[in-house]
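Visitor: Residue numbers (my numbering): -3 to 265.
Glycine included, C-beta positions come from ideal geometry on N, C-alpha and C.
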């Protein structure tokens, strides 16, 4: 268990932590609905299964504050976590545009969604342009920021609404509320524009949930959390989980102590 606790500490270290969550099952543990949480960075993946959801679960993991940048979707409880900085997942924002497209064909919405998609894609392309001088790169960031603020301005100085479509107004208000943290990744090379690392780590856990029908006890849920944490972390570090755990158990049989998990494998290993 101490290995998993050490991983929790590693996830909370700078420069960034990604987070994601999914339903673990309606009757997952002792008949109670539970959620599976995943917290990850490039080196460590930590899973947590429990009945606590929302802000209490996040605060139980992160504590008072996170040193670094928290990357997450737009779920409100994440805002309860104090962090040095944050990046909202732009892929989740693009998915929401696609979802609204299915039910809203108004001219105002189509125009707004088109401009927002273009803005997001231009920002992502800018991040992938390493040939720019620092001055040119900064000027492009300022242009993107100006476009964002124009899109996010949803009422005039006299208080009248600029947007009349309900979906457009809702998304514009969200952009206005979070505009300082939509393009953090442009200023911080170590930060991704999405929480894809955590989302990818959730997928194999979802398959396990379907095959195992979740857990039947709190002890079982805790054990599964630890095992998934160790296996996924080893995969992230480029090691064979089965072989590494087997070797660790052999060491334990000899000296009654588990070795620390190996560091990330070199690229040519």
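Give the range of the alpha helix (DSSP H) segment to which residue 174 is assigned.
Guide: Per DSSP, residue 174 belongs to the alpha helix (DSSP H) from 162 to 174.
Visitor: For the segment 34 to 75, list the beta strand (DSSP E) runs that are entirely contained and at least 3 residues long, ordered along the chain.
Guide: Entirely contained in the segment 34 to 75, the beta strand (DSSP E) runs reaching 3 residues are, in chain order, 41 to 46, 61 to 68.
Visitor: Residues bridged to residue 16 by DSSP?
Guide: 34
Visitor: Give the C-beta separation of residue 93 and residue 109 to the nearest angstrom, bearing in mind that I take them to be a contact with Cβ-Cβ under 8 Å.
Guide: 5 Å
Visitor: Can you round the beta-carbon distance between residue 61 and residue 78 to whole angstroms, since I take them to be within the 8 Å contact cut?
Guide: 4 Å
Visitor: Going by other Cβ atoms of all chains shown within 10 Å of its Cβ, with 16 needed for buried, is residue 46 buried or exposed?
Guide: buried
Visitor: I'd like to know if the segment 214 to 229 and the segment 158 to 172 are in contact, where contact means that at least 3 CB-CB pairs between them fall below 8 Å.
Guide: no
Visitor: So what's residue 242 in DSSP terms, helix, strand or just coil?
Guide: helix
Visitor: Can you tell which of 7, 40, 19, 10 has the C-alpha that lies nearest to the C-alpha of residue 226?
Guide: 40
Visitor: Which residues in the same chain have their Cβ closer than 7 Å to the Cβ of residue 224, if we skip the five residues on either side of it in sequence?
Guide: 43, 201
Visitor: Rounded to whole angstroms, what's the CA-CA distance from residue 12 to residue 196? Just pull it up for me.
Guide: Going by the C-alpha atoms only, they are around 16 Å apart.
Visitor: Kindly confirm or deny that the segment 79 to 86 and the segment 133 to 152 touch, where touching means at least three C-beta pairs closer than 8 Å.
Guide: Flag = no, the segment 79 to 86 and the segment 133 to 152 do not touch.
Visitor: When the Cα atoms are used, what is the spatial distance from residue 248 to residue 254?
Guide: 5 Å
Visitor: Which residue marks the beginning of the alpha helix (DSSP H) containing residue 78, and which one marks its end?
Guide: It is not in any alpha helix (DSSP H) - residue 78 instead sits in the beta strand (DSSP E) that spans 78 to 84.
Visitor: Could you check whether the Cβ of residue 186 sits closer than 7 Å to any Cβ belonging to chain C?
Guide: Looking at the structure shown, chain C is missing, and only one protein chain is on hand.
Visitor: Determine the direct distance from the alpha carbon of residue 127 to that of residue 56, and round the result to whole angstroms.
Guide: 43 Å
Visitor: Are the CB atoms of residue 261 and residue 36 nearer to each other than 7 Å?
Guide: no
Visitor: Looking only at its own chain, which residues have a Cβ that is under 7 Å from the Cβ of residue -3, when we skip the five neighbours before and after it?
Guide: Bear in mind that a pLDDT of 49 at residue -3, under 50, signals an unreliable position, so the number given afterwards is only what the model happens to contain. Closer than 7 Å at Cβ, skipping near neighbours: 222.
Visitor: Go ahead and pull the three-state DSSP assignment for residue -3.
Guide: In this prediction, residue -3 has a pLDDT of 49, which is less than 50 and means its spatial position is unreliable; what the coordinates show is noted afterwards. DSSP places residue -3 in coil when its eight states are reduced to three.
Visitor: For the alpha helix (DSSP H) holding residue 129, just list the boundary residues, first then last.
Guide: Residue 129 -> no alpha helix (DSSP H), and no H or E assigned at all.
Visitor: Taking the continuous alpha helix (DSSP H) assigned at residue 108, which residues delimit it?
Guide: 103 to 123
Visitor: What residue does the alpha helix (DSSP H) around residue 207 start on, and which one ends it?
Guide: For residue 207, the enclosing alpha helix (DSSP H) covers residues 192 to 208.
Visitor: Does DSSP classify residue 95 as helix, strand or coil?
Guide: helix
Visitor: Between the Cα of residue 114 and those of 144, 175, 191, 133, spot the shortest distance and give me the residue it belongs to.
Guide: 144
Visitor: Where residue 184 and residue 68 are concerned, what is the direct C-alpha to C-alpha distance, given to the nearest angstrom?
Guide: Roughly 16 Å separates the two Cα atoms.
Visitor: How should residue 188 be labelled, buried or exposed, when 16 other C-beta atoms within 10 angstroms of its C-beta is the threshold for buried?
Guide: buried
Visitor: Mind reading off the beta-carbon distance from residue 112 to residue 147? Whole number of angstroms is fine, and I expect it under 8 Å.
Guide: 6 Å
Visitor: Within the same chain, show all residues whose beta-carbon is closer than 6 Å to that of residue 175, passing over the 5 residues directly before and after it, in chain order.
Guide: 144, 148
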